[in-house]
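Note that the numbering used here has the sequence shown beginning at 43, numbered continuously upward. Below is one structure, written out as structure tokens; comments come after it.
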Amino acid sequence: MLCCGAWSEGLSGQGLSGQGLRGQGLRGQGLRGQGLSGQGLSGQGLRGQGLRGQGLSVNNVGSGKTPSDCRNRLLIRGLPAAMQQTLLAQLPAALMGRTKLILDVDTGVDDAQGIMLALAAPHVHVLAITCTHGNTALDNSCRNTLRVLQACGKLDVVPVYRGSAEPLLGRVFQASDFHGKDGLGDAPDPQAPGLDLLQAEGAVEALLRLVKENPGQVNLVATGPLTNLALAVKLDPSLPEKLKGLYIMGGNTESRGNTTVCGEFNFVADPEAACIVLERFRCPTFIAGWEFSCRNKLPWSFCDEWLAQDTEKARFMAKIFKHTMEMIKTPRYQKELVAGSGFSSCDSYAIAAAIDGSILTETEDVVVSVELEGRNTRGMMVLDYMELLKHKHKATIMKKVDLDKFKRMMMDALK
Ligand SMILES: [Ca+2]
């Protein structure tokens with residue numbers, strides 16, 4: 043019998059299904075009735091491994107709170123050692139449960155790209171999408187998120203929650219019309235879902251609840267101003283320790299601004315929230331800053347190929363991205379870019395890293411904070427290499443990604 047304590051809950055509804063398990067000689071009714079369904083195991087190469095008729099049973103010797111705990115506790119009886127290794131190597135994909143994500147977004151076009159990347163990734167379960175102000179007004183951010191889910195056929199699968207409409211203290215800062223006034227390229231869809239599809243529960247409450255229900259298992263990804271996260275940690279200071287990791291698109295590392303002289307948009311749009319989050323979230327924290335996003339950009343020729351895929355999703359993306367692509371090529375926006383022109387789907391890097399950490403090929407651990415007072419530097423990320431701030435926690439600054447792997451994830455997002 044497969045019994046993995048807290049982890050077994052994570053398997054339910056995760057796409058592993060009964061028929062693959064029955065008929066493969068995997069014994070134990072524990073597999074049935076656990077919500078395990080689907081092609082999961084049979085599609086993972088177990089078939090033909092000689093498991094059938096081996097009387098295989100998969101047991102655990104205790105309950106694990108995380109998939110890796112469970113993997114370490116699995117015992118596979120009745121198999122030679124070499125076959126056990128083969129099976130164990132394949133189990134992570136089949137049985138280890140999906141990576142659980144909560145996405146906190148201000149859905150403009152690059153958030154849309156990141157959300158679609160997450161929805162298309164195998165073995166990823168997007169528990170919720172929480173919305174905030176940012177690229178556009180909160181209502182647009184919520185509506186855009188619903189439109190993206192509709193385009194991916196996931197409207198009934200992923201709950202969307204309404205969050206903060208404004209920053210903690212500063213003035214409301216919207217990304218002018220970079221992604222269009224509505225944040226999604228000003229390409230309205232008469233069939234767009236209505237805001238009545240939002241959950242009644244608020245974003246911050248949902249975030250706290252879902253992380254509490256899935257302790258140690260959730261990667262939280264924030265690709266907008268950090269207002270919701272700051273409010274959440276104020277309400278429950280133990281939130282960070284219950285996360286698996288935090289992934290942020292925001293901030294800068296070389297004082298290159300894209301909104302103010304020295305400020306990156308997401309941090310400038312709520313500097314106090316960014317400061318609270320960087321100082322209070324002491325879980326593993328990964329930051330995709332502005333300069334990193336620029337330096338890991340993709341060629342426009344890739345973008346052409348990406349959008350030319352013959353799918354509904356690619357057509358949706360081409361429609362909503364048209365305005366932004368025109369804006370990027372104007373002299374005003376060219377001045378923002380670091381390391382020349384190209385296609386940089388900023389938010390997608392943070393989401394890709396939360397899904398597959400192996401995409402990061404170079405990182406640096408540094409104490410970080412946010413400048414709150416400077417006339418030109420308010421909202422700028424501060425890197426404390428000398429550790430004068432006396433903060434114990436270091437964030438992991440993303441520096442380089444495996445571009446081939448990233449391209450594959452991007453391509454899959456629109457398939
Ligand atoms: Ca964003």
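Just so it is clear, CB atoms sit at the ideal spot from N, CA and C, and this is done for glycine as well.
Exercise. If we count the other Cβ atoms within 10 Å of its Cβ and call it buried at 16 or more, is L249 buried or exposed?
Worked result: buried
For this session: Note down, in chain order, each residue of its chain lying with its Cβ closer than 6 Å to the Cβ of K447, except the 5 sequence neighbours on either side.
Result: I401
Exercise. Can L159 and A455 be called in contact, C-beta distance under 9 Å?
Worked result: yes
Problem set entry | Contact test: D454 Cβ vs ligand 1 heavy atom, cutoff 8 Å | no
Exercise. Would a C-beta distance cut-off of 9 Å place G176 and P267 closer than the cut-off?
Worked result: yes
Exercise. Taking all protein chains shown into account, do 16 or more other C-beta atoms lie within 10 angstroms of the C-beta of M428, making it buried, or fewer, making it exposed?
Worked result: exposed
For this session: Determine, using beta carbons only, whether T178 and D224 come nearer to each other than 9 Å.
Result: yes
For this session: Please confirm whether L188 and L273 have their CB atoms less than 9 Å apart.
Result: no
Exercise. Smallest Cα separation from H221: which of E378, A154 and E415?
Worked result: A154
Problem set entry | Contact test: D148 Cβ vs ligand 3 heavy atom, cutoff 8 Å | You won't find ligand 3 in this model; what it holds is ligand 1.
Exercise. Is the number of C-beta pairs between the segment 253-271 and the segment 281-288 that are closer than 8 Å three or more?
Worked result: yes
Exercise. Exposed or buried, S280, counting other C-beta atoms within 10 Å across all chains shown (16 or more means buried)?
Worked result: exposed
Problem set entry | For N182, the first and last residue of its enclosing alpha helix (DSSP H) | L180 to A193
Exercise. Taking the C-alpha atoms as reference points, what is the distance between K441 and G205?
Worked result: 30 Å
Exercise. Is the CB-CB distance between R324 and H167 below 9 Å?
Worked result: no
Exercise. Tell me which same chain residues have a C-beta within less than 6 Å of the C-beta of D444, skipping the five on either side of it?
Worked result: I401 and T403
For this session: Note the first and the last residue of the continuous alpha helix (DSSP H) segment covering S387.
Result: No alpha helix (DSSP H) contains S387, which DSSP labels as neither H nor E.
Exercise. Which of helix, strand or coil does DSSP assign to E378?
Worked result: coil
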